[in-house]
Each structure stands twice: as structure tokens, then as C-alpha cells.
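Sequential numbering of the sequence shown, starting at 2, is according to the numbering used here.
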Amino acid sequence: MPCVVIAVSGTPGSGKTTYSRFISEYYGLRYVSSGHLFREIARERGIDFLQLHREAEKNMEIDMMIDQKAIIEALYGGVVVEGHLAVWVLKDIAHIKVIFDAPREVRAERIAKRDGISFEEALEEIIQREKSNYERALKYYGLNIRDYSVADLVVSTQHLPPEAIKRVVSTYIDAYREKYPQLFA
């Protein structure tokens, strides 16, 4: 079983979930989504996603629980862990750390289309989520999630179609696999 650990982060609407799932399937790795866990907690509490963000701003246990799960899953190996803090939380565990990004307006258009909401609603959601994520990372961990220097690969998803982005990412991972084949065995 492979023991490689790939951490994926990115801004809302940048494609991090799409590309994380691709990496997982293409390389035969488990897939763990911190965002999915965050949404599950919101559903269990009967609140929406943004309300849970507001609760998490007051209660660090929500983020700590999600991040601990990410660490535990990473320690098992053979996994792609996706989440807004994954590359920072797993910086000493993950072999490959990838961040996806695109301009806010591009991401708002994607979210509006995906979720069937207006561009303005999507843009406001992104602004609120980014503010909450940034402030919590700084407050709870002392992390500046706008500093991408922790990443091995930063990919702008603005100009290229998804298939091209997948080729960019797989080219990097394939080169890594050539250098460290034991992690993929």
C-alpha cells in the first residue's frame, strides 16, 4: 500500500476538491476532506455552513477536531488530505503540498454556477469564508494562510481547463514518484 501523503489546500471555488479527488483516484490513494467533515458537523447541528464558520470563530474545538482527524489520517499514509488548512497543518507530515487558487471573481462565478446562486451571493459567501478561515488560522495556530511558501506546488486554475490542470499536477506528482518510488509502492 502506498504511504505517500499529499496535502491539498486552496481558496473556496479554486477547484481543490475536484483536483484532490482526481489525485486520489489517479494514484490509488484514500481521500479525506476536511471540508466534508466541516459540512457534516454543520448538518448534525442543524445549521448552515457559514453559521458553523461563525461558531468556529468562537470555539476553537471545531477546527482542532477537524485538524486532528486530518493528522491521524495522514499518519496512516496513502492519502490525499484536502482542506483549507491541510498544507499548513500537515507541513511536517505530507510529502507533497499543493495549493490551488484563482482570482475571487473567477471563483465566485464557479460557485454561483455550481450551487445555483447569484454571482453576488457566491462572492459574499467567498468573502465571509475567506475572512473566517484567515482569522481562525491566525488566532488558533498563528498561521498566515495567504503565505503560500509552505507549498511545493501552487497552481492557478484561472486560465486553463480542468484537464490541463490535472496534467500539470500529475506531471509534478509523477516526477516526485520517479524520485521517491518507495512512497508509491
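C-beta atoms are modelled at their ideal positions from N, C-alpha and C, and glycine is treated no differently.
On the DSSP letters alone, give me the boundaries of the alpha helix (DSSP H) that residue i sits inside.
i       : result
Phe-185 : Counting along the chain, Phe-185 falls outside any alpha helix (DSSP H), and DSSP gives it neither H nor E.
Asp-116 : 105-116
Ala-71  : 61-77
Ile-24  : 17-28
With a cut-off of 8 Å on the beta carbons, I'd call residue i and residue j a contact; round off their distance for me.
i       : j       : result
Ser-10  : Ile-118 : Contact doesn't hold; Cβ gap of about 24 Å is too wide.
Ile-72  : Ile-94  : 7 Å
Ile-166 : Thr-172 : About 11 Å; that fails the 8 Å criterion.
Gln-129 : Leu-51  : 6 Å
Ile-48  : Ile-63  : Not really, about 12 Å apart at Cβ, beyond 8 Å.
Ala-109 : Gly-14  : 7 Å
Look at the alpha carbon of residue i and the alpha carbon of residue j, and state the distance between them as a whole number of angstroms.
i       : j       : result
Ile-7   : Lys-98  : 6 Å
Thr-12  : Ala-186 : 31 Å
Val-80  : Tyr-27  : 12 Å
Leu-86  : Leu-184 : 23 Å
Tyr-32  : Thr-18  : 10 Å
Val-170 : Ile-146 : 21 Å
Val-88  : His-96  : 10 Å
His-54  : Ile-174 : 32 Å
Ser-133 : Pro-163 : 28 Å
Arg-40  : Val-156 : 25 Å
Using only CA atoms, which one of the options lies nearest to residue i?
i       : options                            : result
Asp-102 : Ile-72, Leu-154, Lys-59, Leu-38    : Leu-154
Tyr-141 : Glu-121, Glu-110, Ala-123, Ala-57  : Ala-57
Ser-35  : Arg-22, Tyr-28, Tyr-27             : Arg-22
Ala-123 : Ala-113, Arg-130, Glu-131, Lys-132 : Ala-113
Leu-91  : Val-151, Ser-25, Asp-175, Arg-178  : Val-151
Lys-70  : Pro-163, Gly-84, Asn-60            : Gly-84
Gly-78  : Ser-25, Glu-121, Arg-46            : Ser-25
Leu-161 : Cys-4, Val-107, Glu-126, Gly-143   : Val-107
Tyr-20  : Leu-38, Glu-45, Arg-44, Val-82     : Val-82
Look up residue i in the DSSP assignment and give the residues it is bridged to.
i       : result
Glu-56  : According to DSSP, Glu-56 bridges with nothing at all.
Ser-133 : None, per the DSSP bridge assignment.
Glu-83  : Val-9, Ser-34
Ile-97  : Ile-7
Asp-102 : Ser-157
Ends of the beta strand (DSSP E) at residue i?
i       : result
Arg-31  : 31-34
Val-155 : 154-157
Ala-8   : 6-11
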